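Numbering (the numbering used here), first residue to last: 217 to 334.
Worksheet: one structure, shown below.
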Ligand code: HEC
């Protein structure tokens, strides 16, 4: 009996942690909140220079393997890091180095990039 209960507890914990992950993972539904048509020209003007070639370890646009692990952070985090800029393996400049971009434009560009591998 104790064994059945511990198996059940294990399953419940597993299901719970999976649902937490599923929550952060970016899905097509998350992208619906963004304007992809507005994101594409922003991408071409301000992001493509690094993300098309993967210069300085930038995740390459359209290359799923470069993005899979990143998607687990969720859209809000991906967008925030793109607005603020960050440094892990390479250097992602704040707003792709274009201070004139609005938060919405950066978010739309991130969504357009993510859409290329979903
Ligand atoms: C000067 C080159 C450069 C430009 C321009 C650039 N990026 Fe990046 N980006 C990078 C690099 C390098 C990384 C990876 C940084 C690291 O891992 O330290 C990155 C990472 C990212 C990530 C992944 C974030 C994460 O948490 O994994 C997103 C999303 C992103 N960039 C969006 C954008 C958007 C949107 C633009 C245009 C507005 C843009 N980038 C312009 C170099 C650039």
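Ideal placement from N, C-alpha and C gives every residue a C-beta, glycine not left out.
All figures in this text were calculated on a predicted structure; none of them were measured in a lab.
Secondary structure of residue i, DSSP reduced to three states
i: residue 250; result: coil
i: residue 277; result: coil
i: residue 332; result: coil
i: residue 289; result: coil
i: residue 317; result: coil
Of the listed residues the options, nearest to residue i (C-alpha basis)
i: residue 242; options: 251, 281 and 287; result: 287
i: residue 325; options: 307, 260 and 283; result: 260
i: residue 254; options: 304, 320 and 294; result: 320
i: residue 300; options: 331, 306 and 315; result: 315
i: residue 311; options: 298, 305 and 274; result: 298
i: residue 369; options: 334, 258, 268 and 327; result: Because the chain is modelled from 217 through 334, residue 369 falls outside the range shown and cannot be assessed.
Beta bridge counterpart(s) of residue i as assigned by DSSP
i: residue 308; result: 302
Contact with chain D by residue i, beta-carbon distance below 8 Å
i: residue 321; result: The structure shown contains no chain D, having only a single protein chain.
Run of the alpha helix (DSSP H) containing residue i, from where it starts to where it stops
i: residue 265; result: 264-267
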